[in-house]
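Chains A and B are the protein sequences, given in the same order. When we follow the numbering used here, the leftmost residue of the first sequence carries the number 20, and every step to the right adds one. When we follow the numbering used here, the leftmost residue of the second sequence carries the number 306, and every step to the right adds one. The beta carbon of each residue, even a glycine, is placed where N, CA and C say it ideally should be. Single-structure report; data block below.
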Amino acid sequence: MKRVLLGIFLLGIFIATSYTYPKVQVLHEPSLRLNRLPPSWILEMMSMGNRELLSTIIFYHTSFYYGEKTAWRKEEAELRRVYDTLKKATDLDPYNMDCYYLAQGTLSWIKPAIPMLNELLEKGHTYRTWDWYLPFFLAANYYFQLDDPVRAAYYLKDASRLRPESSIFSSLTARMFYEGDQTETAIAFLKSMVLDTKSPLLREKLLKRLRALETIRFLEKALRDYHDKIGQDPDSLDDLIRAGIIRSVPLDPYGGSFYLAEKGRICTTSKLAEGWRKDQP
Amino acid sequence: MHIRQNPAFAISVAAFIDGYRDRLIQGLLIVGVFFVLSTAVFSSFSMRQPMEVAINYGLSVVQILATILTLFLGLNLISRELESKAGHPVLAQPISRGSYIIGKFMGLLMIVLVILIISGTCAALGIWLTTLALDTPGHVSWVGFIVALYGTFISCAVLGGLTVLFTSLSTSAILPFLLTCGVYAIGQSTQAAKRFIEAELAGVEITPLVKMIAKGAYYIFPNFALFDFKVQAIYDLPRSSTLLGTATVYGLTYLVLTLFCAVILFEKRDLS
Numbered sequence: 020m021k022r023v024l025l026g027i028f029l030l031g032i033f034i035a036t037s038y039t040y041p042k043v044q045v046l047h048e049p050s051l052r053l054n055r056l057p058p059s060w061i062l063e064m065m066s067m068g069n070r071e072l073l074s075t076i077i078f079y080h081t082s083f084y085y086g087e088k089t090a091w092r093k094e095e096a097e098l099r100r101v102y103d104t105l106k107k108a109t110d111l112d113p114y115n116m117d118c119y120y121l122a123q124g125t126l127s128w129i130k131p132a133i134p135m136l137n138e139l140l141e142k143g144h145t146y147r148t149w150d151w152y153l154p155f156f157l158a159a160n161y162y163f164q165l166d167d168p169v170r171a172a173y174y175l176k177d178a179s180r181l182r183p184e185s186s187i188f189s190s191l192t193a194r195m196f197y198e199g200d201q202t203e204t205a206i207a208f209l210k211s212m213v214l215d216t217k218s219p220l221l222r223e224k225l226l227k228r229l230r231a232l233e234t235i236r237f238l239e240k241a242l243r244d245y246h247d248k249i250g251q252d253p254d255s256l257d258d259l260i261r262a263g264i265i266r267s268v269p270l271d272p273y274g275g276s277f278y279l280a281e282k283g284r285i286c287t288t289s290k291l292a293e294g295w296r297k298d299q300p
Numbered sequence: 306m307h308i309r310q311n312p313a314f315a316i317s318v319a320a321f322i323d324g325y326r327d328r329l330i331q332g333l334l335i336v337g338v339f340f341v342l343s344t345a346v347f348s349s350f351s352m353r354q355p356m357e358v359a360i361n362y363g364l365s366v367v368q369i370l371a372t373i374l375t376l377f378l379g380l381n382l383i384s385r386e387l388e389s390k391a392g393h394p395v396l397a398q399p400i401s402r403g404s405y406i407i408g409k410f411m412g413l414l415m416i417v418l419v420i421l422i423i424s425g426t427c428a429a430l431g432i433w434l435t436t437l438a439l440d441t442p443g444h445v446s447w448v449g450f451i452v453a454l455y456g457t458f459i460s461c462a463v464l465g466g467l468t469v470l471f472t473s474l475s476t477s478a479i480l481p482f483l484l485t486c487g488v489y490a491i492g493q494s495t496q497a498a499k500r501f502i503e504a505e506l507a508g509v510e511i512t513p514l515v516k517m518i519a520k521g522a523y524y525i526f527p528n529f530a531l532f533d534f535k536v537q538a539i540y541d542l543p544r545s546s547t548l549l550g551t552a553t554v555y556g557l558t559y560l561v562l563t564l565f566c567a568v569i570l571f572e573k574r575d576l577s
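Right under this line is the structure:
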């Protein structure tokens, strides 16, 4: 009887403690820390043949740490630690996509962090040769953060090669080449994509972009002819008509109007985008 | 089968039954089953590759479990029997000490094989459950999975050979345990150490003596990293049959050499 009573008493204490301790723990638990990890080669030795598992555990720890930081302070030292941890996790398992994904999510909006982030993504791109996400992330970083549309275009070209069923990559690649003043490269790329594409819908989209870029190339040549003939750059595309170099300004396949922008660039109000009118006021 | 007809076989069957009856196996197997069935939970924290994490988790748990069991069972099989003098009646029979050692090792290998089959099946079940939990489960390379288990089996066989070698040396169980753990840790690290030294990183100066020791360790100690085919299974990477063949030949050669030394040492050992 005494034993039964003692058992019930202990069970009662256990249930009461189980119910209370999470609340007490939340109040007194120290926040997660992202400690400095030993060098990668030591981590590899410590893993005892389970490098991939250790890499996943390091990633989980980093991801929980990041998730807990709702008031993320964006301090350089803290970001450097996130980067270092993810870098070491990818040293252990260079195929670990979670690490690259988290790195892109945490560091891509901080301009000074972009070069080291790109270095990390490059590593992933070297190993995960089948993955279109990595060249896509690299392209986004080069385009939006480093203002390098040509470099971005080369990565997008890789992404479109890995994901040929998507029209977005092919047309974006061409657009970035064009923005990097590489219209010829953009046209050559689109022509090769049109030849390789089996989907009629995708082919139609690519042909539309190809027509737009060929028109831009035509106008760029007209600008050079104007310069050779008159000896100076035109102020607008109408000057080309007045000089007798073109009969009229060609139509933009996307429905916009071509115009002469700064530094003699041919631009269009559609920005070579489908449904651009929806954005207009 | 009569002991005189095939003593090594009879000892191996006895060792297998003895090992199976050991509660350590049942206990660790329950832990292993629990871990492997938690695959879906562990992989659910992954952002982009839950399937890969599930395979990684399953194979790693199987490897850890099989390694621990090989180590403890291998040490128990001979050390405990000789310490308690329970093995003396067997050795008093007209059988060679070599047959005794080989028989014990074969029994251990059978237990390891059973453990790998059970835990491997649990891991496969865990991976399969994860595929059910996901909307778009990725491809699982079952051939790669089996190859990785095979690599773990060779690794455990070599480790088992080492435990038998070290138990032939000492009367106590502690020294063989420490020696086996040490050799296993070195064998798991030599490849990483050699790669680190050969990389010649800027700012890291390594003395010629350290280089020589690291290279020596790489060739003397078993290279357990060679038997690791987990990454190919996890990411469905191309498998090299040459590498697999090389790892098998290397593992078998190392194992035979280890057992050969164990038999010689055990024959010279004074058991009185």
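- Interface annotation, F350 of chain B: in contact with chain A, CB-CB separation under 8 Å.
- For the stretch 402-425 of chain B, no residue has a beta-carbon sitting nearer than 9 Å to a beta-carbon of chain A.
- By the Cβ-count criterion, H144 of chain A is buried, with 16 or more other Cβ atoms from all chains shown falling within 10 Å of its own Cβ.
- Contact between the stretch 515-531 of chain B and the stretch 485-496 of chain B is present, with at least three C-beta pairs closer than 8 Å.
- Relative to the Cα of N137 of chain A, the nearest Cα in the group A:T148, A:L165, A:L191 and A:T288 belongs to A:L165.
- Put simply, the CB of T36 of chain A is far from chain B, with every gap to its CB atoms at 8 Å or more.
- At least one CB atom of chain B sits nearer than 8 Å to the CB of T75 of chain A.
- When CB distances to chain B are screened at a threshold of 9 Å, the residues of the stretch 119-131 of chain A falling below it are Y119, Y120, L121 and G124, in chain order.
- According to DSSP, residue pairing for T287 of chain A in a beta bridge involves A:F277.
- The stretch 353-425 of chain B contains, as complete alpha helix (DSSP H) runs of 4+ residues, the segments 355-380 and 393-397 (chain order).
- At a Cβ-Cβ threshold of 8 Å, C461 of chain B and V417 of chain B count as neighbours.
- Of all residues in the stretch 130-163 of chain A, none has a C-beta nearer than 7 Å to a C-beta of chain B.
- Using a CB distance cut-off of 8 Å, G68 of chain A counts as an interface residue toward chain B.
- The beta carbon of I502 of chain B sits closer than 7 Å to the beta carbons of I511, K516 and A519 from its chain, once the five residues preceding and following it are set aside; these are given in chain order.
- Between Q354 of chain B and D177 of chain A, the C-beta spacing is not below 8 Å.
- Judged by their CB atoms, A490 of chain B and R385 of chain B are not nearer to each other than the 8 Å cut-off.
- If the five residues before and after K106 of chain A are omitted, its C-beta is found closer than 7 Å to the C-beta atoms of L139, all from its own chain and listed in chain order.
- Within the stretch 533-555 of chain B, the residues whose Cβ lies closer than 9 Å to any Cβ of chain A are, in chain order, D533, K535, V536, I539, Y540 and L542.
- DSSP, read as helix, strand or coil, puts S446 of chain B in coil.
- In terms of CA proximity to F78 of chain A, B:V358 leads the group B:N381, B:S365, B:G363 and B:V358.
- Listed along chain B, the residues sitting closer than 9 Å to Y114 of chain A by beta-carbon distance are Q354, E357, V536, I539, Y540 and L542.
- For Y85 of chain A, no CB of chain B lies under 8 Å from its own CB, so it is not counted at the interface with that chain.
- For L270 of chain A, same chain residues with a beta-carbon under 6 Å away, outside a window of 5 residues either side, do not exist.
- By the Cβ neighbour-count rule, A552 of chain B is buried, with 16 or more other Cβ atoms within 10 Å of its own.
- For the pair L175 of chain A and D200 of chain A, the Cα-to-Cα distance works out to about 16 Å.
- Here the C-alpha atom of V341 of chain B lies approximately 38 Å from the C-alpha atom of N311 of chain B.
- When DSSP states are grouped into helix, strand and coil, I569 of chain B belongs to the helix group.
- Between the stretch 63-77 of chain A and the stretch 28-47 of chain A, the count of Cβ pairs shorter than 8 Å is below three; the stretches do not touch.
- A distance below 8 Å separates the beta carbons of K142 of chain A and T109 of chain A.
- The stretch 249-256 of chain A makes contact with the stretch 267-286 of chain A: 3 or more CB pairs, one atom from each, lie closer than 8 Å.
- With fewer than 16 other CB atoms across the displayed protein chains lying within 10 angstroms of its CB, T426 of chain B is exposed.
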